[in-house]
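One structure below.
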Amino acid sequence: MTKIYLVRHGESVANTQGIYQGITYNTPLSDLGSQQARALAGRFQNTTISKIIASPLERTHQTASIVGSSKQINIEIEKNIIETNHGLWEGEHKNTIAQNWPDLYKKWQKFPSGVQFPDGEHFLDTQKRVLNWWKKVVSDNSHNLLVVSHDNIIRIIIAKVLNMKLNRIWKFHLHPTAVTVIDVEAGNAGLVDLNNASHLGNLQTNLALHAL
65 MTKIYLVRHG ESVANTQGIY QGITYNTPLS DLGSQQARAL AGRFQNTTIS KIIASPLERT
125 HQTASIVGSS KQINIEIEKN IIETNHGLWE GEHKNTIAQN WPDLYKKWQK FPSGVQFPDG
185 EHFLDTQKRV LNWWKKVVSD NSHNLLVVSH DNIIRIIIAK VLNMKLNRIW KFHLHPTAVT
245 VIDVEAGNAG LVDLNNASHL GNLQTNLALH AL
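In case it helps, this note's numbering puts the sequence shown at residues 65 to 276.
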């Protein structure tokens, strides 16, 4: 049996500002986010991991590198788990988006499967590339993996494992550096643990500040 550990990156500077980052507004970890990543490294100190895979963006690579340094594992970059391209929303505060795109913003909160981001990606295209990658990962169950990616991306994978409709992905929380554990055996994936942030102690992020 293989374990796949899905981890959202540590808190980024844009997270603290309520700004949508997507793929172009590429901010580093905040001071708290760096502390969260170090706590994550401590959580995996005695856990066997064969590979660490990360999205190419700074906030994910930085998080993964802190764990990788402690485990002496090089980071493998995977473009298919990069954040959704939010187009014109990137670099904008969530309140500005709610004012300028009120209908689309409400749709994103209620029916994400129908959202085409202005000058960006359709969320179903995000789902397609992520699940194409995930299918390959599940078919190769020879390595324990740590995957450091983004809120949307991890939600898509969890929804697939739970056979959950895409429009229900906002029904649970995902904290920065929280660990979701998937067991894979004979090509079948099962959820073992969801959004486990016990390693953070008093390093929790105020999710209310974040852009959705």
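Positions of the beta carbon are idealized from the N, C-alpha and C atoms, including for glycine.
Same chain, Cβ closer than 6 Å to residue i, neighbours up to 5 away in sequence not counted
i: Q99; result: L267
i: G82; result: H157, K158, L273 and A275
i: I137; result: I116
i: H125; result: A118
i: E154; result: Y84, G86, T88 and Y89
i: E249; result: M65
i: V194; result: I217 and I220
For residue j and residue i, believed in contact at Cβ under 8 Å, the rounded distance
i: H274; j: T66; result: Actually they do not touch by this definition, with Cβ atoms about 31 Å apart.
i: I246; j: I68; result: 4 Å
i: G178; j: H150; result: Rounded, the Cβ-Cβ distance is 15 Å, inconsistent with contact.
i: G74; j: L93; result: 5 Å
i: L210; j: V131; result: 7 Å
i: T127; j: A103; result: Actually they are not in contact, since the Cβ atoms of T127 and A103 sit about 11 Å apart, beyond 8 Å.
i: L258; j: T241; result: Actually they do not touch by this definition, with Cβ atoms about 14 Å apart.
i: G251; j: V225; result: So it is not a contact: roughly 13 Å between Cβ atoms.
i: I146; j: P176; result: Incorrect: roughly 17 Å between the Cβ atoms, too far for contact.
Three-state secondary structure (DSSP) of residue i
i: K174; result: helix
i: V194; result: helix
i: D257; result: strand
i: A250; result: coil
i: I233; result: helix
i: H239; result: coil
i: I83; result: strand
i: H263; result: helix
i: S213; result: strand
i: S76; result: strand
i: S206; result: coil
i: G155; result: coil
i: N144; result: helix
i: Y169; result: helix
i: A272; result: helix
Strand pairing of residue i, partner residues [DSSP]
i: N227; result: For N227, which the question treats as bridged, DSSP gives no partner whatsoever.
i: H186; result: Q180
i: T244; result: L70
For residue i, the first and last residue of its enclosing beta strand (DSSP E)
i: R72; result: T66 to R72
i: A118; result: K115 to A118
i: I141; result: I139 to I141
Residue i - containing alpha helix (DSSP H), residue span
i: S129; result: E122 to K135
i: S98; result: D95 to R107
i: T160; result: K158 to N164
Own chain residues within Cβ distance below 8 Å of residue i, not counting five before or after
i: T112; result: N208
i: H239; result: R72, N259, A261, L264, Q268, T269 and L271
i: P182; result: G151, L152, W153, W165 and L168
i: E140; result: K115, I116, I117 and A118
Close beta carbons around residue i, own chain, < 7 Å, minus the five adjacent residues each side
i: T80; result: S94 and L273
i: G97; result: G74, E75, S76 and P240
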